[in-house]
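One structure below.
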Amino acid sequence: MHAPPKDAALTALMHEVAALADQAGHAILELYETRFAVTEKADHSPLTEADLAAHRILARGLADIDPDWPVLSEEGQDVPFERRSQWQTYWLIDPLDGTREFVKRSGEFTVNVALIHDHEPVLGVVWSPVLKRLYAGHRDGVAIRRDEDQPPREIAVARDRIGTDHPLVAGSRSHGAERLKVALDRLGPHDLVSMGSSMKLCLVAEGAADIYPRLGPTSEWDTGAAHAVVRAAGGRVTDLHGQELRYNTRESLLNPEFLVCAGNPDGWLRRLGLPDA
Numbered sequence: 010m011h012a013p014p015k016d017a018a019l020t021a022l023m024h025e026v027a028a029l030a031d032q033a034g035h036a037i038l039e040l041y042e043t044r045f046a047v048t049e050k051a052d053h054s055p056l057t058e059a060d061l062a063a064h065r066i067l068a069r070g071l072a073d074i075d076p077d078w079p080v081l082s083e084e085g086q087d088v089p090f091e092r093r094s095q096w097q098t099y100w101l102i103d104p105l106d107g108t109r110e111f112v113k114r115s116g117e118f119t120v121n122v123a124l125i126h127d128h129e130p131v132l133g134v135v136w137s138p139v140l141k142r143l144y145a146g147h148r149d150g151v152a153i154r155r156d157e158d159q160p161p162r163e164i165a166v167a168r169d170r171i172g173t174d175h176p177l178v179a180g181s182r183s184h185g186a187e188r189l190k191v192a193l194d195r196l197g198p199h200d201l202v203s204m205g206s207s208m209k210l211c212l213v214a215e216g217a218a219d220i221y222p223r224l225g226p227t228s229e230w231d232t233g234a235a236h237a238v239v240r241a242a243g244g245r246v247t248d249l250h251g252q253e254l255r256y257n258t259r260e261s262l263l264n265p266e267f268l269v270c271a272g273n274p275d276g277w278l279r280r281l282g283l284p285d286a
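With my numbering applied, the sequence shown corresponds to residues 10 to 286, in that order.
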């Protein structure tokens, strides 16, 4: 198994993956306006045919891009840690991130594709089929946002706002928690920017939000792609002790609770009173 390419070759790979995510997005939209069926997975999260259709397109396409890199997908087969612990480089995908938003037809769902190497996200593509908006980035380049019929533009996190008295906080339409409310009360006056799926991380990446605290369960495929975008934009995705999230390090694929921000997270964590007792 070989390492990912570097520099311009990694940029070319990013654009190839973005085109593949667009294909998956088309398959999702074909079902979006239909009377699709919704089933429930073992963890009680919803599943639709759109999730499965997007998974098939991505799995085939990524295997064509590089057959040496395995694919770990939310909608794929379970892979025992004994096997995947041997993976140095692999694709981590969520074919339809924000299925609850898809079911509610809010439009706030994404196709997420990350390339993980040595437990770190080195490339990420987040595609919103309804908004026709792309966020992408990799370790050797900048982060970009591209909207329909517009050229891509570089994005970056908002700098030096730890002392602001009215921060912008990204939050979720589908996941709320009393602990988050308590933490935001400690933060003081703020504006909450509600958004579904991994686009919350991308709001921080483009400077439209200062922080995104996530106090609740997520899986690695929920964050990998947007994590790469945040890093390319100059931001951080850390646990509540300030350590960068890492991938495929244990049997469980659940993330710890985390914070997305620009620069050192310690000041934000103190203002939020995290980790709490």
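C-beta atoms are modelled at their ideal positions from N, C-alpha and C, and glycine is treated no differently.
If you draw a 10 Å sphere on the C-beta of M208, you find 16 or more other C-beta atoms in it, and that means buried.
Every unbroken stretch of the alpha helix (DSSP H) spanning 4 or more residues and falling wholly within the region 102 to 177 is given here in chain order: 108 to 113. Of all alpha-carbon atoms in S82, R154 and D169, the one lying nearest the alpha-carbon of R162 is that of R154. In its chain, beyond the 5 residues on either side, A12, P13, Q97 and T98 have a beta carbon closer than 8 Å to the beta carbon of H126. When C-beta atoms of the region 251 to 265 are compared with those of the region 227 to 235, three or more pairs fall below 8 Å, so the two segments count as touching.
Within the same chain, D149 come within 7 Å of D16 by CB-CB distance, once the 5 residues on both sides are set aside. In the three-state reduction of the DSSP assignment, T232 falls in the helix class, which pools H, G and I. Pairing G282 with A218 gives a Cβ-Cβ distance that is not under 8 Å. By the criterion of a C-beta distance shorter than 8 Å, A46 is surrounded in its chain by T57 and E58, once the five residues flanking it on both sides are discounted. The continuous beta strand (DSSP E) containing D200 extends over residues D200 to S203. Residue ranges of uninterrupted beta strand (DSSP E) with 3 or more members, entirely inside the region 45 to 78 and ordered along the chain, are 47 to 49 and 55 to 57.
For the pair Q32 and I74, the CB atoms are not nearer than the 8 Å cut-off. Inclusion of V80 and I102 in the CB contact set at 8 Å is warranted, their separation being smaller than that value. DSSP places Y221 inside the beta strand (DSSP E), whose first and last residues are Y221 to R223.
Within the same chain, Cβ atoms closer than 8 Å to the Cβ of R114 are found at Y41, the five residues on either side in sequence being excluded. Looking at the backbone, the Cα of R109 and that of I171 are separated by about 32 Å. DSSP places A241 within a helical segment (H, G or I) once states are collapsed to three. Residue pairing by DSSP places V80 opposite W100 in a beta bridge.
One alpha carbon belongs to G205, the other to Q95, and they sit about 33 Å apart. Taken atom to atom, the span from the alpha-carbon of A18 to that of A28 is near 16 Å. Take the alpha-carbon of T20 and the one of D169: they are about 29 Å apart. Each residue's CA atom was taken as its position, placing L124 and A72 some 13 Å apart. Listed in chain order, the non-local C-beta contacts of V122 below 6 Å within the same chain comprise V26, A30, I102, V134 and A234, local neighbours out to five positions each way being set aside.
As a beta-bridge residue in DSSP terms, V246 pairs with V269.
Between V139 and A179, the C-beta spacing is not below 8 Å. For R280, the closest of G243, E39 and P198 by C-alpha to C-alpha distance is P198.
R195 counts as exposed, since fewer than 16 other C-beta atoms from the protein chains shown sit within 10 angstroms of its C-beta.
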